[in-house]
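As structure tokens, the structure follows; a few thoughts come after it.
In structure tokens form, the structure reads like this:
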């Protein structure tokens, strides 16, 4: 399949990228991060999470972040909502899109939430219904769709099954996530080919982690199956909880560099993203995990 | 084009990976590195460089390295030889393959050696003749074949021209190198398609740097054009002299992880390479630049 001419990038750093940071990050920094990303031209920024602060203390200030950001016309602000309480908080905060989630791995679902995949998705029915009634966009995220830390291989049929259930709940968009970054291009092709037989490829997003250095190659494979939505995190923010010290989300700068080289339009200003990646990495007192980001910053400094 | 069933990896860490290290690395460490890599199953290890120690002091002990390693049957040991003097030293040291080189960029050739590409290649005629007479394998490396720090874009025809000249000199193998790691898959495909119209793809190697995070995706693109030889460096050893602080050679662990996922045989033991990558990184007092290497090591430690 020929590559697309345009790709939508969902920038996930403010939520997926920061949620596991140990030291609490000032709300002002989170607000600046979201605003810088929106200003760089992203159509979609994952800005907050409305989960219990006991579970994810880093995300406790979601409502304040949403209240203080400068809403940019043309940018859609998303938030994770694990239940109806979270949904109501997200709606009150003016979120454009809420995200529900499930693993594609039964072993993962049992181990983490002590129920089956089907049960875990059924629990989101009230959120889905509330989103429909409120006219808020609904996204479903399928974690461990390409591999699982407990069961290892996950069959493509498992991702297809979860995707169909999300579609039945009314999801506008569905993420196929390689949560632990284990996939290689052949696996990506197999899973995306299977999923896009049941769901319009225009609704499917590739959410890949770079834990094993495969994410950019995996994105190319996904684009070749007709996928046109890609998740990424500026500076590669976000770790891999199943391999401490390893990298997490694919870096936005690396993805933008790829897409520019492939003549694929994103509407995003790579230079502004490089600046933002260097800025937030400096704030977190670490070197950016983005290779393109570091190379472009070094070239600029030279 | 379908992917190959088998790929030869040329492990370049002992030469290309270490040559720019500032602090001199003990000969014993270099010897252990070469021996560990050969034992891991590599068919070809770039073990030394016979250049003037005034130019590359780190490589001054090439003859001693060659004398002290344990030659493994089935492994071919290569060395860089910039001139006849270097060739004679390499031959005396028992090297199996000598490597000559040229840029594909006129701007690079003029800036670095103050002559044209054609002149620089003509200077290798005595080395090529001596290698033929001695029955020593000859490899030609085309640097800046996918981009140049001075002129930027390098046309595919420039790499084709250098490849033809190397072929005329009697080269058994020719490396198409992305010295500054700027390529994306579309560029790789264009250059490899052009080069393989003039040279048997079985003789062409992909030598990619991961400076912009594109190397693994670029290797997939190269394999899809019929290339079956890939260069890589354990732990991603080797920097990018044109972007200080940026990463250099693609990490062998990342490449092996990719190829294993694509069901492509290499004959190399990934676990042994992960160990070697962690060992040499610890010796150099830095974190390995290999994502797969770090993830696999972290997983093992957990």
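Chains as they are written, first to last, in the UniProt record's numbering: chain G, 1 to 302; chain A, 1 to 302. Glycine is no exception: its CB is placed at the ideal position from the N, C-alpha and C atoms.
Counting every other CB atom within 10 Å of its CB across the protein chains shown gives residue 197/A a total below 16, marking it as exposed. Where residue 161/A is concerned, the enclosing alpha helix (DSSP H) starts and stops at 156-169. As computed with DSSP, residue 140/G is found in a beta bridge with 100/G and 174/G. The way I'd put it, the stretch 259-279 of chain G doesn't touch the stretch 54-65 of chain G; fewer than three beta-carbon pairs between them come closer than 8 Å. What residue 290/A touches in chain G, judged by beta-carbon distance under 9 Å, is 213, going in chain order. In its own chain, leaving out the 5 sequence neighbours on each side, no residue places its CB closer than 6 Å to the CB of residue 284/A.
For residue 11/G, the uninterrupted beta strand (DSSP E) run begins and ends at 8-11, by DSSP. Between the stretch 197-214 of chain G and the stretch 251-265 of chain A there are three or more C-beta pairs closer than 8 Å, enough to call the two in contact. Our two residues, residue 8/G and residue 229/G, have alpha carbons roughly 5 Å apart in a direct line. With a threshold of 8 Å between beta carbons, residue 206/A makes no contact with chain G. At least 8 Å separates the CB of residue 2/A from every CB of chain G.
For residue 195/G, the enclosing alpha helix (DSSP H) stretches over residues 185-198. Judged by their CB atoms, residue 49/G and residue 101/G are not nearer to each other than the 8 Å cut-off. Where residue 251/G is concerned, there is no enclosing alpha helix (DSSP H), because DSSP gives it neither an H nor an E. Against chain G, the beta carbon of residue 147/A has no neighbour under 8 Å; the closest one sits roughly 10 Å away.
Only residues of its own chain outside the window of five on either side were considered, and among them 188, 192 and 206 have a CB closer than 6 Å to the CB of residue 222/A, listed in chain order. Sequence-distant Cβ neighbours of residue 128/A in its own chain, meaning closer than 8 Å and more than five residues away, are 100, 138, 169, 170 and 171. About 11 Å separates the beta carbons of residue 190/G and residue 154/G, which is beyond the 8 Å limit, so they are not a contact pair. In this chain, the beta strand (DSSP E) harbouring residue 207/G covers 204-208.
Within the stretch 258-274 of chain A, those residues whose Cβ lies closer than 9 Å to any Cβ of chain G are, in chain order, 258, 259, 260, 261, 262 and 263. As a beta-bridge residue in DSSP terms, residue 80/G pairs with 49/G and 99/G.
In the three-state DSSP reduction, residue 233/G falls in the strand class (E or B). DSSP links residue 115/A through a beta bridge to no other residue. For the stretch 176-187 of chain G, the set of positions with a beta-carbon nearer than 8 Å to some beta-carbon of chain A reads 181, 183, 184, 185, 186 and 187 in chain order. The beta-bridge partner set that DSSP reports for residue 44/A consists of 10/A and 76/A. Secondary structure of residue 269/G (DSSP, three-state): coil. Apart from the 5 residues on each side of it in sequence, residue 237/G sits with its Cβ closer than 6 Å to the Cβ of 13 and 17 in its chain, given in chain order. Beyond the five residues adjoining it in sequence on each side, residue 195/A comes within less than 7 Å, by CB distance, of 159, 160, 163, 176 and 204 in the same chain, given in chain order. Assignment of residue 152/A by DSSP, reduced to helix, strand and coil, places it in the strand class. As DSSP reads the structure, residue 239/A sits in a beta bridge with 247/A.
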